[in-house]
Amino acid sequence: MKTEGKKRIWSEYQKNVPDDHFFYVRSCIRQSFFPGSEQVFLKILRDDLGKDVFEDPRHTTCTGIGYHGDVVPFETIQTVVARHFALATEAGYKNIAISCVTSFGIYTEILETWKHFPETLVKARENLFKATGRVFDLPETISHASDIIYKFRDEIAAKAKYALTDITTGEPLRIVEHIGCHYAKMFPKHGIGGAEFPHVLVGMIEKWGGSVVDYPERRHCCGFGFRQYLVQANRGYSLSSSKKKFESMEPYQPDMIVSNCPGCAMFLDRWQYAINEIDGITYGKDDEGIPSLTYEEMAALMLGYDPWEIGLQYHNVQALPLLRKIGVEADPEKRFISKDGSRLPEPAGLINNF
Amino acid sequence: MAKQIIIAGGGVAGIEAAATLADMGHKVNIIEKGSSSGGNAVRWHALFPDRRPAGEVISYLNNRVRNKNIEVTYNTCVNKVRHHGSSLVINLSSGEELKADAFIVATGFDLFDASRKEEYGYGIYDNVITAPELEDMFNGGSLYTADGRVPERVGFIHCVGSRDEKVCNHHCSKVCCVTAVKQAIEVREMLPGCEVFCFYMDMRMFGPYYEELYREAQEVHNVNFIRGKVSEASNTINHKVAVKVEDTLAGRPLRMEVDLLVLMTGMEMSATGASLAEASGLRRGKNRFLSVRDNHMHSNNSDLPGVFYAGTCTAPMSITDTISHARSAALEVNLYLSER
Chain A
657 MKTEGKKRIW
667 SEYQKNVPDD
677 HFFYVRSCIR
687 QSFFPGSEQV
697 FLKILRDDLG
707 KDVFEDPRHT
717 TCTGIGYHGD
727 VVPFETIQTV
737 VARHFALATE
747 AGYKNIAISC
757 VTSFGIYTEI
767 LETWKHFPET
777 LVKARENLFK
787 ATGRVFDLPE
797 TISHASDIIY
807 KFRDEIAAKA
817 KYALTDITTG
827 EPLRIVEHIG
837 CHYAKMFPKH
847 GIGGAEFPHV
857 LVGMIEKWGG
867 SVVDYPERRH
877 CCGFGFRQYL
887 VQANRGYSLS
897 SSKKKFESME
907 PYQPDMIVSN
917 CPGCAMFLDR
927 WQYAINEIDG
937 ITYGKDDEGI
947 PSLTYEEMAA
957 LMLGYDPWEI
967 GLQYHNVQAL
977 PLLRKIGVEA
987 DPEKRFISKD
997 GSRLPEPAGL
1007 INNF
Chain B
6 MAKQIIIAGG
16 GVAGIEAAAT
26 LADMGHKVNI
36 IEKGSSSGGN
46 AVRWHALFPD
56 RRPAGEVISY
66 LNNRVRNKNI
76 EVTYNTCVNK
86 VRHHGSSLVI
96 NLSSGEELKA
106 DAFIVATGFD
116 LFDASRKEEY
126 GYGIYDNVIT
136 APELEDMFNG
146 GSLYTADGRV
156 PERVGFIHCV
166 GSRDEKVCNH
176 HCSKVCCVTA
186 VKQAIEVREM
196 LPGCEVFCFY
206 MDMRMFGPYY
216 EELYREAQEV
226 HNVNFIRGKV
236 SEASNTINHK
246 VAVKVEDTLA
256 GRPLRMEVDL
266 LVLMTGMEMS
276 ATGASLAEAS
286 GLRRGKNRFL
296 SVRDNHMHSN
306 NSDLPGVFYA
316 GTCTAPMSIT
326 DTISHARSAA
336 LEVNLYLSER
């Protein structure tokens, strides 16, 4: 493998990620799946990096799931996104920071549509004004939250308490990076590193001491695919996509999977549980599952956040072996104890629950 | 009195046009950007459809250029051509300014940069190579993977950079299909135990004996032809290349590992030709090659009097067609000069 070739591609796909003053838009499903990720993203930016991040409680779903599920028309979703831009305009922010990869894809698709078909922008303004009386300025920058963590990866490394290395061997951890399809496959120029060899997660992993696994099914969809999962009869397609990826990455014995998409992080975690239940298979080394983390969780671990504070215990594949490799001291017994000492619900069928 | 003609480009077209004009008694100066003549052809091991050694054609061209009426200036580009009174003024990259009675653009083609098709991993994956790089191996007499293994399975991807809207190339490069057939046969002959798969969109066997070569590849050499475009290539843990393709005849997706993946890179307008055209006001088509005055009757003529075209600066073509096109350019020049 020639890394010079990858570096050349990475140099061609760089984007302007601002230094400060972000209008943050959350993801619908992440707040259910991994609520700690968004919370710790805000903590890292505000408390560790001293950045200004604004949230407006009136922000709503972008309706991307409905759009990709064929129940929300394009004109409707344009108006919803126009309203988000109006909220940012009213708050005086010009840099949008987006938690969800699908929302990021929606925003970029709409901005590209407005750029190439200006009459659709006029219509969106008209629709929004008629419905809400709001007006908006186009944002100056659109960043996915992973773009922002990527931008500040050096600053995070400088403050890091841990590295992505195995403390017993000193070797870099072998990490599978998975990029959500809607991050750059539609518009490669909007993704750091482009669509074929994205650098956004690679840059974080390598900066923090890990090594990246380039396996044959690296680019394959996690299987969420919206209608593949949302239509119950199609869920076999979803499961089989993840299975294909697990089988492809298994020979490399990865220590961790890290994703920048809500659905991907979830399915690459939950489907390991499903496959384990159905076939009794685990894909990691020594019959361990492969922990599937978000990039914010990975960054938070580097910075020394308490794994149970950021919600790692609510992954089906528990991160305990990973924490031991990194050297994070976290008492497994405290995983499901709340701050007031009460017992939190414990998910059934946990993998790596040792 | 002998007329002075300047030709931009010392490849197949430039040499053949120069030699034809020199035989007619004209003085010709070839301006070649490289340090030797012969252009893209010098890299080839054997030519389709009869598998003659490419060296024979190169020797023919080298003999043709050894003519007292021909002068070759190497390591120099033509920057611009313009009219000045009744003659043409040619500006060279050296800063020199030459006068000529006629000028031929024979700047040829550039090979498509395969790394632009990022999904195939050229320049990243060690065992993804281009067709000219395979010719280099044929010239060296051995065929190995980057890690020194004898390939057991080789794949060819047709139309890399041709007929591809994604890279803004709608045109067919014409010669890649038959080149892949030729190279597939050569691989099978060199390594009889090696399986060969060609992934194609259409097989465009337009020339004499091309179709026969295609049949021979299937019937005699057992080359497998899969109709379908490869969507992506990836590295495997054992340094093979995994490809994903839809077999459109079988109607099913296909995944396969090959030891060597050969990209049949197409032709694009050369950068030096494009720059010359831009500076000189020479019209180019949607395919970015030079536009000829008339596609049927005047395929060697530009819109500017005294400026002519030869070879693949106008469109992709084979060596056979390039030589014919260069000769016709020489005839057009001679006719133009005789009428002045």
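Residue numbers (this note's numbering), protein chains in the order written: chain A, 657 to 1010; chain B, 6 to 345.
Idealized CB from N, CA, C, for every residue including glycine.
Computed from a predicted model, the values in this text were never measured in an experiment.
Enumerate in chain order the residues of its own chain whose CB-to-CB distance from residue i is below 8 angstroms, with the five nearest sequence positions on each side excluded.
{"i": "Ile685(A)", "result": "Ile721, Cys756, Pro918, Gly919, Met922"}
{"i": "Thr735(A)", "result": "Ala780, Asn783, Leu784, Ala787"}
{"i": "His715(A)", "result": "Val681, Arg682, His740, Leu743"}
{"i": "Asn932(A)", "result": "Thr938, Gly945, Gly1005, Ile1007"}
What are the boundary residues of the beta strand (DSSP E) that includes residue i?
{"i": "Phe1(B)", "result": "Outside the displayed range of chain B (6 to 345) lies residue 1(B), so it cannot be described from this structure."}
{"i": "Gln974(A)", "result": "Careful: Gln974(A) lies outside any beta strand (DSSP E) and carries neither H nor E."}
{"i": "Leu116(B)", "result": "114-116"}
{"i": "Tyr680(A)", "result": "678-681"}
{"i": "Glu425(B)", "result": "The displayed coordinates of chain B run from 6 to 345. Any statement about residue 425(B) would go beyond what the structure contains."}
{"i": "Ile798(A)", "result": "797-800"}
Quick check on the DSSP output: the alpha helix (DSSP H) that includes residue i runs from which residue to which?
{"i": "Asp935(A)", "result": "918-935"}
{"i": "Asn67(B)", "result": "59-70"}
{"i": "Asn339(B)", "result": "324-343"}
{"i": "His772(A)", "result": "757-772"}
{"i": "Met29(B)", "result": "Run containing Met29(B): none; DSSP gives neither H nor E here."}
{"i": "Gln734(A)", "result": "730-747"}
{"i": "Ile129(B)", "result": "Unbroken run through Ile129(B): none, as it is neither H nor E."}
{"i": "Ser897(A)", "result": "891-905"}
Return yes when the Cβ of residue j is within less than 9 angstroms of the Cβ of residue i, no when it is not.
{"i": "Ala13(B)", "j": "Ile109(B)", "result": "yes"}
{"i": "Arg664(A)", "j": "Glu237(B)", "result": "no"}
{"i": "Pro828(A)", "j": "Gly859(A)", "result": "no"}
{"i": "Leu266(B)", "j": "Met195(B)", "result": "no"}
{"i": "Tyr215(B)", "j": "Phe114(B)", "result": "no"}
{"i": "Phe230(B)", "j": "Phe211(B)", "result": "no"}
{"i": "Ile36(B)", "j": "Ser42(B)", "result": "no"}
{"i": "Tyr749(A)", "j": "Phe678(A)", "result": "yes"}
{"i": "Glu852(A)", "j": "Gly126(B)", "result": "yes"}
{"i": "Met269(B)", "j": "Phe161(B)", "result": "yes"}
{"i": "Asp207(B)", "j": "Gly166(B)", "result": "no"}
Quick one, which of the options has its alpha-carbon nearest residue i's?
{"i": "Ser333(B)", "options": "Arg345(B), Met261(B), Leu93(B), Phe313(B)", "result": "Phe313(B)"}
{"i": "Arg168(B)", "options": "Glu140(B), Pro321(B), Glu344(B)", "result": "Pro321(B)"}
{"i": "Gln969(A)", "options": "Glu952(A), Lys981(A), Glu989(A), Ala787(A)", "result": "Glu989(A)"}
{"i": "Glu217(B)", "options": "Arg232(B), Lys249(B), Val183(B), Cys199(B)", "result": "Val183(B)"}
{"i": "Ser898(A)", "options": "Met912(A), Ala930(A), Ala889(A)", "result": "Ala930(A)"}
{"i": "Met905(A)", "options": "Ile805(A), Arg891(A), Leu886(A), Val868(A)", "result": "Val868(A)"}
{"i": "His838(A)", "options": "Leu957(A), Gly692(A), Cys877(A)", "result": "Cys877(A)"}
{"i": "Phe741(A)", "options": "Val673(A), Ala889(A), Glu796(A)", "result": "Glu796(A)"}
{"i": "Phe992(A)", "options": "Leu701(A), His855(A), Asp675(A), Gln974(A)", "result": "Gln974(A)"}
{"i": "Ala315(B)", "options": "Gln9(B), Lys8(B), Ala7(B), Gly15(B)", "result": "Gly15(B)"}
{"i": "Ala626(A)", "options": "Pro844(A), Leu820(A), Asp925(A), Val887(A)", "result": "Nothing about residue 626(A) can be reported from this structure: the residues present for chain A run from 657 to 1010 only."}
{"i": "Thr950(A)", "options": "Glu903(A), Gln695(A), Pro729(A)", "result": "Gln695(A)"}
{"i": "Ser120(B)", "options": "Met912(A), Glu903(A), Glu660(A), His971(A)", "result": "Glu660(A)"}
{"i": "Val225(B)", "options": "Thr150(B), Ile11(B), Glu262(B), Ile190(B)", "result": "Ile190(B)"}
{"i": "Pro1001(A)", "options": "Val984(A), Gly967(A), Leu979(A)", "result": "Gly967(A)"}
{"i": "Val832(A)", "options": "Ala816(A), Leu857(A), Ile798(A), Thr824(A)", "result": "Leu857(A)"}
{"i": "Ala136(B)", "options": "Asn67(B), Trp49(B), Val94(B), His175(B)", "result": "Trp49(B)"}
{"i": "Gly44(B)", "options": "Gly60(B), Ala7(B), His303(B)", "result": "Gly60(B)"}
{"i": "Arg232(B)", "options": "Tyr219(B), Val246(B), His244(B), Glu251(B)", "result": "Glu251(B)"}
{"i": "Ile835(A)", "options": "Gly849(A), Gly692(A), Phe808(A), Gly936(A)", "result": "Gly849(A)"}
{"i": "Arg702(A)", "options": "Tyr908(A), Asn890(A), Ile804(A), Gly983(A)", "result": "Ile804(A)"}
{"i": "Thr325(B)", "options": "Leu287(B), Ala18(B), Gln9(B), Ala335(B)", "result": "Ala18(B)"}
Which one or two residues does DSSP pair with residue i in a beta bridge?
{"i": "Met912(A)", "result": "Ile831(A)"}
{"i": "Ile203(B)", "result": "Sequence check: residue 203(B) is Cys here, not Ile. Phe161(B), Phe230(B)."}
{"i": "Met269(B)", "result": "According to DSSP, which records beta bridges pairwise, Met269(B) is partnered with nothing at all."}
{"i": "Asn240(B)", "result": "Val246(B)"}
{"i": "Gln188(B)", "result": "BP columns for Gln188(B) are empty, so no partner."}
{"i": "Tyr314(B)", "result": "Val110(B)"}
So, at 6 angstroms on beta carbons, what are the nonlocal neighbours of residue i in its own chain, with the 5 sequence-adjacent residues on each side left out?
{"i": "Ser896(A)", "result": "none"}
{"i": "Cys82(B)", "result": "Lys38, Ser98, Thr277"}
{"i": "Gly945(A)", "result": "Gln928, Thr938, Val973, Ile1007, Asn1008"}
{"i": "Arg260(B)", "result": "Lys249"}
Give me, in chain order, the residues of the same chain whose beta-carbon lies closer than 7 angstroms to that of residue i; leave out the 5 immediate sequence neighbours on both sides.
{"i": "Leu712(A)", "result": "Here the sequence assigns Asp to residue 712(A), which means Leu is not the residue at that position. Excluding positions up to five away in sequence, the list reads Leu743, Ala747."}
{"i": "Arg790(A)", "result": "Arg739, Ala742, Leu784"}
{"i": "Asp810(A)", "result": "Lys863"}
Residue i CB to nearest chain D CB: under 9 angstroms?
{"i": "Tyr908(A)", "result": "Absent from the structure is chain D; the protein chains it does hold are A and B."}
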